[in-house]
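These protein sequence lines are chains A and B, in that order. With the working numbering applied, the first sequence corresponds to residues 33 to 277, in that order. With the working numbering applied, the second sequence corresponds to residues -15 to 156, in that order. Backbone N, C-alpha and C define an ideal beta-carbon position, used for all residues, glycine too. First the structure, in the form of structure tokens, and then the observations on it.
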Amino acid sequence: MKENRTIMGMPVNIEIIDSNATEEVFEEVFNYLISIDERFSIYKKTSEITLFNEGKILEKDFSNDMKEIFRLSLQTKNDTDGFFDIIYSGKIDPSGLVKGWAIYKAAEILRKKGIKNFYVEIAGDIEIAGFNSEGKKWAIGIRNPFNKKENVKIVYLSDKGIATSGTYERGEHIYNPKEKKVANEVLSLTVIGPNVYEADRFATACFAMGRKGIEFVERLSDFEGYMIDHEGITTFTSGFEKYLK
Amino acid sequence: MKKLILSLFVMASFGFYVISQNGGNSSNGLLTPNPIVSSNNANNTSTKKNPKTVVVTKPNIPSTPVAPSSPPVVKKNGIYNDGEYTGSVADAYYGNVQVKAIILGGRLVDIQFLDYPQDRNTSIRINSYALPILKQEAISAQSANVNAVSGASETSPAFTESLTSALNQARA
């Protein structure tokens, strides 16, 4: 069974292979994700994060989810030499962490029901469990940042998480006057890790590192990365190719 | 000529109004900035390839249609109060999107992108840059079937988000 919704303004896709997947299971997961959005959306006036940013609630009033996100944010900041931070111009914006965490928690709901073969995807970040309908590893495309209808690589995953952090090229290029060209910039960084939460947080932080990001991924055990720069050149970690079949 | 321009604005503002009412439920791709801006720009086909067209707004529109010193312009027939309204910064995952809505005569007449991710074509070129352990190659399209796709998400929900917040401020 495969279903999709739009939650948090983003497409959510869930496919479950196990025969015990019922409509109620999908509903439960979608409703969970909606509740996360209600709590963490910086666009919602009544979300816990907005109330905190507006000084209407204090840290001592935090829900357990909020406490966990704060703890994980701090941990990620430490794990990534400060490249991950949820404080921007005096306000807290945990969206860089919440998406991967929410997908991971949604997948936990399925696992607790004994469901073993599924994927949960929100806007290109995916938790992958077990095998697909053909009993094979799930085939996951890495999108071409120059042409979103194309994939530039296909990886075959089981019990892993994959997340991509990226940008269109921005106005403020770094111009290299010596070579008379725009400095190489990273368009997208895909990270494969033990689960989508881990993949997402390192994709977000390492993308912020620019070209150094892929080297950071190389140093992480259990993680592989695939970076695409603005010239269409990809750089990938030493173990990445094991996922190509 | 003026009538033609005016009618284009009316059409565009209706379009934007509909979009703003759609909120975040719109599907991706429907609300990409390119086709919207190009509704006042006959050069439809090239907008995708040339990122500049995303930001180039109609040059014949004064950037400050309402003099700030003038007494509050009472709304005319439109649904918005005249003025310039800056929308929230919305995360498009590829970068931030922030728009400014210009309301004139109670209608949305222009949208300026203050911050936006932009797409561009590129020439594939191999360079000799190499890292010690990492491997490099030029990207190439793959044709095999996939179950799902990993990629950074689209601009459009963020665009909608920022525009909606700007229009909410303008609402009469």
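Would the beta-carbon of residue i fall within 8 Å of that of residue j?
i: GLN120 of chain B; j: THR266 of chain A; result: yes
i: VAL249 of chain A; j: GLU159 of chain A; result: no
i: VAL73 of chain B; j: ALA150 of chain B; result: no
i: GLY135 of chain B; j: SER79 of chain A; result: no
i: ILE46 of chain A; j: VAL152 of chain A; result: yes
i: SER307 of chain A; j: ARG71 of chain A; result: Because chain A here runs from 33 to 277, residue 307 of chain A falls outside it and cannot be looked at.
i: ILE260 of chain A; j: GLN126 of chain B; result: no
i: PHE102 of chain A; j: ALA237 of chain A; result: no
i: PHE163 of chain A; j: SER190 of chain A; result: yes
i: LEU129 of chain A; j: ARG233 of chain A; result: yes
i: ILE118 of chain A; j: ASN85 of chain A; result: no
i: ALA85 of chain B; j: ILE172 of chain A; result: no
i: GLY71 of chain B; j: SER124 of chain B; result: no
i: LEU83 of chain A; j: ILE74 of chain A; result: no
i: VAL218 of chain A; j: LYS145 of chain A; result: no
i: TYR69 of chain B; j: ARG91 of chain B; result: no
i: ILE147 of chain A; j: ALA53 of chain A; result: yes
According to DSSP, which residues form a beta bridge with residue i?
i: GLU38 of chain A; result: One detail in the question is off: residue 38 of chain A reads as Thr in this sequence, not Glu. According to DSSP, which records beta bridges pairwise, THR38 of chain A is partnered with A:PRO43.
i: ARG155 of chain B; result: B:TYR64
i: MET259 of chain A; result: A:LEU221 and A:THR267
i: TRP170 of chain A; result: A:LEU189
i: THR70 of chain B; result: B:LYS84
i: ILE160 of chain A; result: A:TYR151 and A:LYS192
i: ILE124 of chain A; result: A:ILE119
i: ARG143 of chain A; result: ARG143 of chain A is not bridged to any residue.
i: LYS119 of chain B; result: A:PHE268
i: ILE48 of chain A; result: A:PHE150
i: SER197 of chain A; result: A:LEU221
i: VAL133 of chain B; result: A:GLY173
i: ARG91 of chain B; result: B:LEU88
i: GLN126 of chain B; result: A:ASN183
So, does the CB of residue i fall closer than 8 Å to a CB anywhere in chain A?
i: ASN129 of chain B; result: yes
i: VAL133 of chain B; result: yes
i: ALA150 of chain B; result: no
Residue i CB to nearest chain B CB: under 8 Å?
i: ILE260 of chain A; result: yes
i: TYR151 of chain A; result: yes
i: ARG175 of chain A; result: yes
i: GLY156 of chain A; result: yes
i: TRP170 of chain A; result: yes
i: LYS185 of chain A; result: yes
i: ALA195 of chain A; result: yes
i: GLY198 of chain A; result: yes
i: GLU217 of chain A; result: no
i: GLU250 of chain A; result: yes
i: ASN63 of chain A; result: no
i: ASN45 of chain A; result: yes
i: ILE246 of chain A; result: yes
i: SER51 of chain A; result: no
In chain A, which residues lie less than 9 Å from residue i when you measure between Cβ atoms?
i: LYS119 of chain B; result: THR266, THR267, PHE268, THR269, SER270, PHE272 and GLU273
i: GLY90 of chain B; result: Correct list: empty, because the minimum Cβ distance to chain A is about 26 Å.
Using C-beta distances below 6 Å, list every residue in its chain close to residue i, excluding the 5 sequence neighbours before and after it, in chain order.
i: MET40 of chain A; result: ASP69
i: LYS192 of chain A; result: ILE160 and ILE224
i: ASN27 of chain B; result: For ASN27 of chain B, the pLDDT reaches just 37, beneath the cut-off of 50, and the residue's location in the model is therefore unreliable, although a value from the coordinates is still provided. Taken in chain order, the list of residues that qualify is empty.
i: LYS34 of chain A; result: GLU47
i: ALA240 of chain A; result: PHE115
So residue i contacts chain A; which residues on that side make the cut at Cβ distance below 8 Å?
i: GLN126 of chain B; result: GLY173, GLU182, ASN183, VAL184, LYS185 and ILE186
i: ALA122 of chain B; result: GLY264, ILE265 and THR266
Tell me which same chain residues have a C-beta within less than 8 Å of the C-beta of residue i, skipping the five on either side of it?
i: GLY156 of chain A; result: ARG175, ALA195 and THR196
i: TYR136 of chain A; result: GLU159, GLY193, ASN227, VAL228 and TYR229
i: ALA231 of chain A; result: GLY132, ASP157, LYS192, GLY193, ILE194, ALA195, VAL223, ILE224, GLY225 and PHE255
So residue i contacts chain C; which residues on that side make the cut at Cβ distance below 8 Å?
i: SER220 of chain A; result: No chain C is present in this structure, whose protein chains are A and B.
Short of 7 Å in beta carbon distance, which residues of its chain neighbour residue i, apart from the five on each side in sequence? Order them along the chain.
i: SER165 of chain A; result: ILE49
i: TYR258 of chain A; result: ILE174, LYS185, THR222, THR266, PHE268 and PHE272
i: GLY264 of chain A; result: PHE178
i: LEU65 of chain A; result: ILE39, VAL44, ALA134 and ALA138
i: PRO128 of chain B; result: Before going on, a small fix: residue 128 of chain B reads as Ala here, not Pro. So no residue of the chain qualifies.
i: PRO43 of chain B; result: Low confidence applies here, because PRO43 of chain B scores a pLDDT of 36, under 50, leaving its location unreliable; read the following figure in that light. Excluding sequence neighbours, PRO43 of chain B sits near nothing in its chain.
Below 7 Å on C-beta distance, what does residue i contact in chain A?
i: ALA154 of chain B; result: Here the premise fails: no neighbours, minimum Cβ distance about 18 Å.
Against residue i, what residues of chain B qualify as contacts under a CB-to-CB distance less than 8 Å, listed in chain order?
i: ASN85 of chain A; result: Correct list: empty, because the minimum Cβ distance to chain B is about 12 Å.
Find the residues of chain B that neighbour residue i, judging by a C-beta separation of less than 9 Å, and give them in chain order.
i: ASN164 of chain A; result: ASN131
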